[in-house]
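Numbering (this note's numbering), first residue to last: 760 to 899. Built from N, CA and C at the ideal position, the CB exists for glycine as well. Heads up, the thing below is written out as C-alpha cells.
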Amino acid sequence: MLIAIDVGNTNSVIALFEGEQALATWRTSTSSTRTADEYAVWLSQLMSMAGFSFADITDCVISNVVPQSLFHFRNLSRRYFNCEPFVVSAASVPGVEVKISKPSEAGADRLVNAVGAYVAYGGPLVVVDSGTATNFDVVG
Numbered sequence: 760m761l762i763a764i765d766v767g768n769t770n771s772v773i774a775l776f777e778g779e780q781a782l783a784t785w786r787t788s789t790s791s792t793r794t795a796d797e798y799a800v801w802l803s804q805l806m807s808m809a810g811f812s813f814a815d816i817t818d819c820v821i822s823n824v825v826p827q828s829l830f831h832f833r834n835l836s837r838r839y840f841n842c843e844p845f846v847v848s849a850a851s852v853p854g855v856e857v858k859i860s861k862p863s864e865a866g867a868d869r870l871v872n873a874v875g876a877y878v879a880y881g882g883p884l885v886v887v888d889s890g891t892a893t894n895f896d897v898v899g
C-alpha cells in the first residue's frame, strides 16, 4: 500500500492508495515544528479507526513545499513505515522539463499537478491550483 504525503504551506494531506484507488485521506495543519513522532501518533489513530496500520504501508511518496518539514516527514516514513520515501522534485521526476530560471526551486506541488493533469488529459493545457497561493502552469 502506498502512502502519499502532500505537505503544503497551510495543510498537509495524507492518503492511502492501493494501485490507483484512494482508500482513505486525512488532513492536518502544517507545522514545521511538529515531529515525526507527533505525526505518527495522530496518523496511527486515524488509520486504526479506518482499519489500517503502519504495517500495511510498503511505499511512501512525499510532495513538500515546506523545506523545514521535510526532515520530519522523511523520519516518519523511515521510522514508522520502514521505507525510504520518494521525494518529488524537479530532479526526481523523469521526462519533465522545468522551464524556469532555477528548476530546483519549482514547487513539488506544481510538478505533481502538471504530471497528473498531463496523464489525465494530455497536453497542451494550463493547470490552475488555488491553494494558499493561486498558480497557473503551462504543460505540453
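Problem - Length of the line joining the Cα atoms of Ala867 and Val824 - result: If I take the Cα positions, the gap works out to 6 angstroms.
Practice task
Report the three-state DSSP secondary structure of Arg793 (helix, strand or coil).
Solution key: Coil at Arg793, not helix or strand.
Exercise for the section: Out of Val846, Thr769, Thr784, Ser860, point me to the one whose CA is closest to Met806's CA. Expected result: Nearest of Val846, Thr769, Thr784, Ser860 to Met806, Cα basis: Thr784.
Exercise for the section: Identify whether Ala879 lies in helix, strand or coil by the three-state DSSP scheme. Expected result: The three-state secondary structure of Ala879, taken from DSSP, is helix.
Handout entry: Alpha-carbon spacing of Leu761 relative to Ala850, whole angstroms
Key = Leu761 and Ala850: Cα-Cα distance of roughly 21 angstroms.
Practice task
Indicate the three-state DSSP secondary structure (helix, strand or coil) for Phe845 in the structure shown.
Solution key: Strand.
Exercise for the section: For Cys819, collect the residues of the same chain with a Cβ closer than 6 angstroms to its Cβ; drop the 5 residues on either side in sequence, then sort them by chain order. Expected result: Taking C-beta separations shorter than 6 angstroms and ignoring five residues to either side along the sequence, the partners of Cys819 in its chain run Ile762, Ser836, Phe840, Cys842, Pro844, following chain order.
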